[in-house]
Amino acid sequence: MKKIIFAFLFLILISFKTGDNKSNYTVPRAAYSVTAGDIDMDGDNDIVVGHKFSTQTSWGGVSIAENTGCGYFQISDSLFVNNGFPYIHTDYFDDNEYIDLFSGHVTADPYTVYIGVIYNYGLYQFDSIKTFPLVPDSPVHYFTSGDVNNDNHNDIIFASNGGKFWGIMYNDCTGNFSTPEYHYVTDYFPTALACGDLNSDNRDDIVVCGQSTEVYFSYPNGFQLLLLETDDFKEGVSIVDFDLDGDNDILTFVGIPYINVSSLIMYENQGNNILDTLEEFYFQPISSKFFVTDFNNDSLQDILFQLSDNSGFVIYYNQGSFQLGDSLFIPLEPYGYEGVRDCYCADMDGNGYNDIIITRLAQIVLPDNLVILFNDGNGNFVDDPITQIKNPKHKSQNPISCYPNPFTTRTTIAFSLEKKTFITLQILDIKGNLINTLINKELLSGKHKTIWSAKSLNGKEMNAGIYVVRLIKGSNISTQRIVLNK
Numbered sequence: 190m191k192k193i194i195f196a197f198l199f200l201i202l203i204s205f206k207t208g209d210n211k212s213n214y215t216v217p218r219a220a221y222s223v224t225a226g227d228i229d230m231d232g233d234n235d236i237v238v239g240h241k242f243s244t245q246t247s248w249g250g251v252s253i254a255e256n257t258g259c260g261y262f263q264i265s266d267s268l269f270v271n272n273g274f275p276y277i278h279t280d281y282f283d284d285n286e287y288i289d290l291f292s293g294h295v296t297a298d299p300y301t302v303y304i305g306v307i308y309n310y311g312l313y314q315f316d317s318i319k320t321f322p323l324v325p326d327s328p329v330h331y332f333t334s335g336d337v338n339n340d341n342h343n344d345i346i347f348a349s350n351g352g353k354f355w356g357i358m359y360n361d362c363t364g365n366f367s368t369p370e371y372h373y374v375t376d377y378f379p380t381a382l383a384c385g386d387l388n389s390d391n392r393d394d395i396v397v398c399g400q401s402t403e404v405y406f407s408y409p410n411g412f413q414l415l416l417l418e419t420d421d422f423k424e425g426v427s428i429v430d431f432d433l434d435g436d437n438d439i440l441t442f443v444g445i446p447y448i449n450v451s452s453l454i455m456y457e458n459q460g461n462n463i464l465d466t467l468e469e470f471y472f473q474p475i476s477s478k479f480f481v482t483d484f485n486n487d488s489l490q491d492i493l494f495q496l497s498d499n500s501g502f503v504i505y506y507n508q509g510s511f512q513l514g515d516s517l518f519i520p521l522e523p524y525g526y527e528g529v530r531d532c533y534c535a536d537m538d539g540n541g542y543n544d545i546i547i548t549r550l551a552q553i554v555l556p557d558n559l560v561i562l563f564n565d566g567n568g569n570f571v572d573d574p575i576t577q578i579k580n581p582k583h584k585s586q587n588p589i590s591c592y593p594n595p596f597t598t599r600t601t602i603a604f605s606l607e608k609k610t611f612i613t614l615q616i617l618d619i620k621g622n623l624i625n626t627l628i629n630k631e632l633l634s635g636k637h638k639t640i641w642s643a644k645s646l647n648g649k650e651m652n653a654g655i656y657v658v659r660l661i662k663g664s665n666i667s668t669q670r671i672v673l674n675k
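This note's numbering puts the first residue of the sequence shown at 190, with every later residue one more than the last.
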């Protein structure tokens, strides 16, 4: 539509600056959501913030903070989208290697609900937003993506609370999408959404939560519904291999305000579309959001809970076999006029451990509304990047070579060591999650090489996509992108 505008803004207008340390930044107001990914394909994660429309500045859209090296950031672009682009997500939709952006948004005149996709062509060259209108007039607030029909191209899945439906747009393998397909639910209002393969058939399945938790298994002839439970309104859902047995499990949680308690509900995957409900895990205080990721590099996915009072976060480390260790509280100074908060976890300073990125929403100028807490791997989350590179913009020649790249079944990873060194060689997915550890020992000086056969730590074949080879030598970390085609 003509009223959907895509433009670059001058740096002075977006007022992006550092605070007293390297963890505090100020981006445009109404910062509603945040994600991270290697937008410019230079080997480190950048930050993408989705903004609601601000009537004070007549601006809404996307701001992008470029990682100039090891956790130091500078503004690179701001993209204006009429009525904002608040629910920011990233994934790969077309045939190039650059990660794209998507969100839902609405226009007022005439009132129309859209899903918008901004295609990334590298070097911060973004195509104009492509919009896909939704026929129902209820806004969609929940989004995810995945390969639902096993054609090696990611589809977009969405859900509407007020409209009581979820839907999917299938990728036509060129980055364009089909007319939305709608699935209406009964007796509950969707509040959370996740996508992932639950029965190892290479087709991503869909979990929709509200007062009910429903699993929609994807098959060539349609979806098969499994109702897990009908209790309490869930605040979030995640599909992840929580017990490292080779198949994905389901985690959901709910905050119970009248008793200030949060409840974690875990479903163990037994195979054959059977998910066992485990005993609920209760803790205080109440939480509003969770994020599941590996914080200590033990290959087990841990859980970060965002506290509802905005006082900080609580991490529960995964001990294996669905057992959680003692909690770790991470304080964060609250703002009295702060509205919604969002968070995302990824390795931002290249030290090998996932950090926490936080956005704060206000319809006024809010200083330090983008905050990064850097993970040192020892249970500490600090204000400055761990690597402390004096010249962050300097990029040396990559010591890792991978061939062939792209590859279809296996790739050879080669590197050299100047002296006898203990090294760790890992495969990560594009979001920084550990897929496999290929080498973790001391090696002699000289040339070395190993082969990755596109399998996870537990032998599961990985789907097509972009992966990261990470070589850790003491305090030195190098990465190389590889592309798996099938």
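Just so you know, even glycine gets a beta-carbon here, dropped at the ideal spot from N, CA and C.
Nearest candidate by alpha-carbon position, reference residue i, set the options
i: D393; options: E607, K423, I357; result: I357
i: G509; options: I492, F518, P520, F502; result: I492
i: F315; options: P520, N647, D283, N629; result: D283
i: E424; options: P446, T246, P409; result: P446
i: K608; options: L627, L632, C591, D573; result: L632
i: H342; options: N365, P322, F321; result: N365
i: D298; options: N271, Q615, V337, T639; result: N271
i: P588; options: L521, Y303, S516, S667; result: S667
i: N652; options: V672, I228, V223, I395; result: V672
i: R659; options: K630, I640, T613, S634; result: T613
i: F422; options: N540, S401, G293; result: S401
i: S212; options: W641, L627, G566, L562; result: L562
i: D344; options: S334, T279, S590; result: S334
Distance CB(residue i)-CB(residue j) smaller than 8 angstroms
i: Q490; j: R530; result: no
i: Y456; j: A381; result: no
i: S243; j: A219; result: yes
i: T466; j: L417; result: yes
i: S407; j: P379; result: no
i: S452; j: E469; result: yes
i: Y542; j: F484; result: yes
i: V223; j: I655; result: no
i: G305; j: I288; result: no
i: F262; j: I236; result: yes
i: G273; j: G311; result: no
i: N629; j: T215; result: no
i: A535; j: G621; result: yes
i: L387; j: V374; result: no
Whole-angstrom distance between residue j and residue i, CA atom to CA atom
i: N564; j: I624; result: 19 angstroms
i: T600; j: D430; result: 25 angstroms
i: N674; j: F596; result: 6 angstroms
i: F347; j: V295; result: 14 angstroms
i: D376; j: S645; result: 39 angstroms
i: C398; j: K636; result: 51 angstroms
i: S488; j: F518; result: 21 angstroms
i: S389; j: D572; result: 40 angstroms
i: L268; j: A254; result: 12 angstroms
i: E286; j: N449; result: 45 angstroms
i: N507; j: L617; result: 19 angstroms
Residue burial classification, residue i (beta-carbon count within 10 angstroms, cutoff 16)
i: P556; result: exposed
i: Y533; result: buried
i: C362; result: exposed
i: A143; result: Coverage of the chain is limited to positions 190 through 675, which leaves residue 143 absent and any answer about it impossible.
i: I661; result: buried
i: V324; result: exposed
i: L464; result: buried
i: K582; result: At K582 the pLDDT is 43, less than 50, meaning the model places this residue with poor confidence; the figure from the coordinates comes in the next sentence. That one is exposed.
i: D420; result: exposed
i: K579; result: Model confidence at K579 stands at a pLDDT of 42, short of 50, so the residue's coordinates are unreliable and nothing is read from them.
i: Y505; result: buried
i: S292; result: buried
Min CB distance residue i to chain D below 8 angstroms
i: P379; result: Going by chain labels, chain D is absent from the structure shown, which holds only one protein chain.
Span of the beta strand (DSSP E) around residue i
i: C259; result: Here C259 belongs to no beta strand (DSSP E), and DSSP marks it neither H nor E.
i: D491; result: 491-496
i: I463; result: 463-466
i: I520; result: According to the sequence displayed, residue 520 carries Pro and not Ile. Its beta strand (DSSP E) spans residues 512-520.
i: C384; result: 381-385
i: N625; result: 623-632
i: D336; result: That residue, D336, is in no beta strand (DSSP E); it is neither H nor E in DSSP.
i: T219; result: Per the sequence presented here, residue 219 reads as Ala, with Thr not at that position. Here A219 belongs to no beta strand (DSSP E), and DSSP marks it neither H nor E.
i: V529; result: Segment: none, V529 is in no beta strand (DSSP E) and carries neither H nor E.
i: E403; result: 402-408
i: W248; result: It is not in any beta strand (DSSP E) - W248 carries neither H nor E in the DSSP assignment.
i: T215; result: 213-215
i: S667; result: 665-673
i: H294; result: 289-297
i: R549; result: 544-549
i: G537; result: Here the sequence assigns Met to residue 537, which means Gly is not the residue at that position. Run containing M537: none; DSSP gives neither H nor E here.
Distance cut-off 7 angstroms: residue i Cβ against heavy atoms of the ligand ZN
i: G356; result: With respect to small molecules bound, the structure shown includes none, and the ligand ZN cannot be examined in it.
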